[in-house]
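Here's the structure we're looking at; comments come further down.
Residue numbers (this note's numbering), protein chains in the order written: chain A, 153 to 262; chain B, 164 to 278.
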């Protein structure tokens, strides 16, 4: 029979607040990580990346934190705006391909 | 500089028909990836191709599904004898030559609906 997927975890924040989206990755050999943003009806878009020799990287309003000890990745969005409402995926790269996490739906309340 | 182009945007098929999904990578990109996404779920890796070569098809169902990336022309994801469970969004992504560790550039996807 068909497999049943789990619904996406959701995070709801007030406009102007900071958002933190978490991701656990599976492969300790992964050496490159990316956060993608997917708006409704569109393909994922690159937000920010980080290599395994770093534990923090900052972009414009976004920060990615990497904790290799517990295989955990987080995306922090400062001063969240309505345009940030989307599904956010973390992805890890090892060997030849990029594998995606389950995603988190971020909803920004005005 | 055009991005990754996928067509058709929407595809409707009846059970038992064939579905052909096309993907033209970004100019200069030689790596193509196909992902499948069900509503409210994440992206599931299907296949990774370079020109004329399948590098990793570990996410592709063994039957009815095939993919190619010919020397000339777009990459094609082909689904034979479609069933309702094939209904999903199929996304293609590309990356430049070299070790494929860089970020992927995604198309807008093809929404396949099987009646």
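We put the beta carbon where it would ideally sit given N, CA and C, even for glycine.
Where the beta strand (DSSP E) through residue 183 of chain B begins and ends: 182 to 187
Bounding residues of the beta strand (DSSP E) (the contiguous stretch that carries residue 207 of chain B): 206 to 213
Cβ-based neighbour list, residue 165 of chain A, same chain, cut-off 8 Å, excluding 5 preceding and 5 following: 171, 232, 258, 259, 260 and 261
Where the beta strand (DSSP E) through residue 170 of chain B begins and ends: 168 to 170
Runs of beta strand (DSSP E) lying entirely within the segment 154 to 199 of chain A, each at least 3 residues, in chain order: 162 to 166, 171 to 176 and 184 to 190
Which residues DSSP lists as bridging residue 250 of chain A, in chain order: A:245
Cβ pair residue 252 of chain B, residue 200 of chain B closer than 7 Å: yes
N- and C-terminal bounds of the beta strand (DSSP E) containing residue 194 of chain B: 194 to 200
Unbroken beta strand (DSSP E) run spanning residue 165 of chain B, endpoints: Where residue 165 of chain B is concerned, there is no enclosing beta strand (DSSP E), given that its DSSP letter is neither H nor E.
Assumed close pair residue 192 of chain B, residue 213 of chain B - CB separation to whole angstroms, cut-off 8 Å: About 10 Å; that fails the 8 Å criterion.
Proximal residues to residue 278 of chain B (C-beta, below 6 Å), its chain only, five neighbours per side dropped: 177
Any C-beta of chain A under 7 Å from that of residue 267 of chain B: yes
Cβ-based contacts, 7 Å cut-off: residues of the segment 200 to 223 of chain A near chain B: 201
Nearest-angstrom beta carbon gap, residue 238 of chain A and residue 213 of chain A [assumed within contact, 8 Å]: About 14 Å; that fails the 8 Å criterion.
Cβ separation of residue 228 of chain B and residue 242 of chain B, assumed to be a contact under 8 Å, to the nearest whole Å: 6 Å
Cβ-based neighbour list, residue 251 of chain A, same chain, cut-off 6 Å, excluding 5 preceding and 5 following: 244
Cβ pair residue 197 of chain B, residue 267 of chain B closer than 7 Å: no
Unbroken beta strand (DSSP E) run spanning residue 140 of chain B, endpoints: This structure does not reach residue 140 of chain B, given that chain B is present from 164 up to 278, and the question cannot be answered.
Top-ranked residue by Cα proximity to residue 215 of chain B, from B:226, B:235, B:208 and B:187: B:235
Exposure of residue 167 of chain B, with buried meaning 16 or more beta-carbon neighbours within 10 Å: buried
Pick from B:207, B:222, B:211 and B:230 that is closest to residue 254 of chain A, judged by C-alpha positions: B:207
Min CB distance residue 261 of chain A to chain B below 7 Å: no
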